[in-house]
Amino acid sequence: MTLEIKYSSYRVGNWGIAAIVFLILTGWFTYDGYMNQGFIDEHTVDGSPDHTLIFNQQFWIFGLPAAIASAAGYMLFRKKRLYADDEKITIDKDRQIAFDQIEAVDYTKFKSDGKFTVEYTSEGQTKTFTFSKKAWDGLDKLLELVISKVDSAES
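For the sequence shown, UniProt numbering begins at 1 and goes up steadily by one.
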C-alpha cells in the first residue's frame, strides 16, 4: 500500500492566482500606457509623460516575467507529491526516510499547529524533518502510518 500526499492545494492555488493577477495587471497597464489615448493625454505634461504613464509603459518588463514565473511555479508545484509505502517516506528523489531509521516522532503540536517532526538517522548523523499541514494536504494519514510503523518496530 502506497500513501500519496499532495502538496498544499492552498499554496498551489496561490501560484495560479498570482499568474492570473500579474497577467491582468500587465495587460491593463500596457493598454493604458500605449493605447488608451485619454489616459496618455491626461498623464502627459508639456509634451513629456509623467511618472504614472512611464510606470504603465514599463510595467510589462516586470509583469510579464512575474506572470511567467508564477505560472511555472503553479505547473511545478501542482504535481509535487510525497509518498509513503511499507518501508520509507519519499519526500523527493534526494530525501527518503526509512521507517527503520526513525528514532522519534514529536507530534505534540499536530493538533494546534498542524506540524509533526520526525527525528531519524541518515549517513551516521541524526537529522530532523518537519511535516506541516501548511505544506502538505492529508498529513493525518501519514502521521498514523508513521506512528504505527515506529511502534511496530519498537515492539
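Every residue gets a Cβ at the ideal spot worked out from N, C-alpha and C, and that includes glycine.
As the structure is a prediction and not an experimental result, all values here were calculated from the model.
May I ask which residues mark the beginning and end of the alpha helix (DSSP H) holding residue i?
i	result
Asp32	9 to 34
Thr52	51 to 77
Gln37	37 to 42
State yes or no: is the C-beta of residue i within less than 7 Å of the C-beta of residue j?
i	j	result
Gln101	Thr121	yes
Tyr74	Gly114	no
Leu70	Ala19	For the sequence presented, residue 70 should be read as Ser rather than Leu. Cβ distance < 7 Å, so Ser70 and Ala19 count as in contact.
Ala72	Phe22	no
Rounded to a whole number of angstroms, what is the C-alpha to C-alpha distance between residue i and residue j?
i	j	result
Thr26	Asp137	32 Å
Pro65	Thr30	14 Å
Thr2	Ala84	6 Å
Tyr10	Ile89	23 Å
Asp92	Gln125	19 Å
Ile147	Leu76	30 Å
Let's test the definition: count the other Cβ atoms within 10 Å of the Cβ of residue i and tell me whether it reaches 16, buried, or not, exposed.
i	result
Gly13	exposed
Val45	exposed
Lys149	buried
Ala104	exposed
Asp151	exposed
His51	exposed
Tell me, which residues are paired with residue i by DSSP?
i	result
Ile111	Rather than Ile, the amino acid found at residue 111 in this sequence is Lys. In the DSSP output, where bridge partners are listed per residue, Lys111 has none listed.
Ser122	Gln125
Asp106	Thr117
Just curious, the beta strand (DSSP E) that residue i is in, first and last residue?
i	result
Gln125	125 to 132
Glu4	3 to 6
Lys88	88 to 92
Gln101	Looking at the DSSP string, Gln101 is not in any beta strand (DSSP E), and its letter there is neither H nor E.
Ala135	Run containing Ala135: none; DSSP gives neither H nor E here.
For a test of your reading of the model: does the CB of residue i fall under 6 Å from any non-hydrogen atom of the ligand ADP? Yes or no.
i	result
Asp100	Ligands in the displayed structure: none, and consequently the ligand ADP is not present.
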